[in-house]
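K.L.:
Each residue of the sequence shown is one higher than the one before, starting from 7 at the first, in the numbering used here.
Just so it is clear, CB atoms sit at the ideal spot from N, CA and C, and this is done for glycine as well.
Once you've had a glance at the structure underneath, I'll fire off some questions.
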Amino acid sequence: MLTDVQIQAHADRIRNDGFTVIEGAASPELIEGLITALQRIEREHQLGPAKTSFEGFKTVRINNLLTYDDLFWEVPLHGNVLPVVERVLDKECLLSSFCSLVLGPGQEAQPIHEDTQLIPLPRPHIPITINAIWALSDFREDNGATRIIPGSHKYDSSPEYGHDYAAVTATMKAGSVMLFDSALWHGGGANDSDERRFAFSCAYCWGWMRQQENLQLGIPQETAKRFPRRLQELCGYSVYKGQFGHIDNHDPIELLGRERGKRMVWEATDAKKAKMTGVAGKP
């Protein structure tokens, strides 16, 4: 696992350069299992390529991955990745989206874009979403490795859609994970090889933001009940700062049969006041 010094170094690179690569983040055994699971799911559910040019006519994207195989639960929680995200955002961040990105031979390059441009905030702004690109295959120049423009998260505008930009190819070995500020200009590369390129996109956001995928409705509650508690919280069964996301002043994690997490902010304020004055608060 990463040391605290390593976690801080990766977080600093994200803030300064817009991205960082955690080499060898996942074990070969986990990577092999994840690819095997993806291939099985494609067959069993007869899943095919996307239907839009942006998503890729020769790219298989599987959304709502947490519902398909328990092995996928390890990805958002991974101990070499999540601590870096939490250092850039905070420990009450949410999982925003989690999908596969399997590029088939002949897939054209994706237009350079940034993932926050539909959010009405002036650029540059603080990191609000962090994307983790998991290389399940080696990321090479010829098989669709992600292209990035380092430092572009600090630009005061978004890229012009369809415009050709000089970009750096983020090559990395299978098992490595590239984390980047989603305001960074980036795009999938072209797969000119004769093999499929396997990857995950696992994005996280602040706890006060709306997630890209509606995980509370998309994941059956019976499935969510089996998640580790931290994964339940990441999916939105939590209350940010004791205020945002509550249900009638209760932590939504109680819906999954868990004991509540933290007090609501109003209750915590009264408890703090009572402690300071020596007056017992209500139970």
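1. Just to check my reading of the structure: Ala196 and Glu114 have Cβ atoms closer than 8 Å, yes? What is that Cβ distance to the nearest angstrom?
2. With a Cβ-Cβ cutoff of 7 Å, do Gly85 and Pro117 count as a contact?
3. Please determine if the stretch 81–100 and the stretch 8–25 are in contact, where contact requires at least 3 C-beta pairs separated by less than 8 Å.
4. Taking C-beta to C-beta, are Gly242 and Leu221 nearer than 7 Å?
5. Give a yes or no on whether the C-beta atoms belonging to Ala151 and Thr122 are separated by under 7 Å.
6. So Arg153 and Thr175 are supposed to be a Cβ contact under 8 Å. How far apart are they, rounded?
7. Grab me the residues of Cys211's own chain with a C-beta within less than 7 Å of its C-beta, minus the 5 sequence neighbours each way, in chain order.
8. Kindly indicate the opening and closing residues of the beta strand (DSSP E) around Leu142.
9. Counting beta carbon pairs with one atom in the stretch 227–237 and one in the stretch 157–168, are three or more of them shorter than 8 Å?
10. Just the C-alpha distance for Ile132 and Glu61, rounded to the nearest angstrom, thanks.
11. From the DSSP output, in three-state form, read off Val66 for me.
P.N.:
Let me lay it out:
1. Position 190 of the sequence shown, counting from 1, holds the residue named residue 196. Position 108 of the sequence shown, counting from 1, holds the residue named residue 114. Their Cβ separation, rounded to whole angstroms, is 5 Å, which keeps Ala196 and Glu114 in contact under 8 Å.
2. Residue 85 sits at position 79 when you count from the first residue of the sequence shown. Residue 117 sits at position 111 when you count from the first residue of the sequence shown. Cβ atoms of Gly85 and Pro117: not closer than 7 Å.
3. yes
4. Locating residue 242 in the sequence shown gives position 236, where the first residue counts as 1. Locating residue 221 in the sequence shown gives position 215, where the first residue counts as 1. Yes, the pair counts as a contact, with Cβ atoms nearer than the cut-off.
5. Residue mapping note: residue 151 aligns to position 145 of the sequence shown, counting from 1. Residue mapping note: residue 122 aligns to position 116 of the sequence shown, counting from 1. Not in contact: Ala151 and Thr122 (Cβ atoms no closer than 7 Å).
6. As a first step, residue 153 must be located in the sequence shown, where it is residue number 147. As a first step, residue 175 must be located in the sequence shown, where it is residue number 169. That pair is a contact at about 6 Å.
7. If you number the sequence shown from 1, residue 211 lands on position 205. Here the set comprises Cys99, Leu100, Ser102, Ile134, Thr135 and Gln217.
8. Stepping through the sequence shown from its first residue, residue 142 is reached at position 136. Leu142 -> no beta strand (DSSP E), and no H or E assigned at all.
9. no
10. Your numbering for residue 132 matches position 126 in the sequence shown. Your numbering for residue 61 matches position 55 in the sequence shown. Looking at the two C-alpha atoms, the distance is approximately 27 Å.
11. Here residue 66 refers to the residue found at position 60 of the sequence shown. If DSSP states are grouped into helix, strand and coil, Val66 belongs with the strands.
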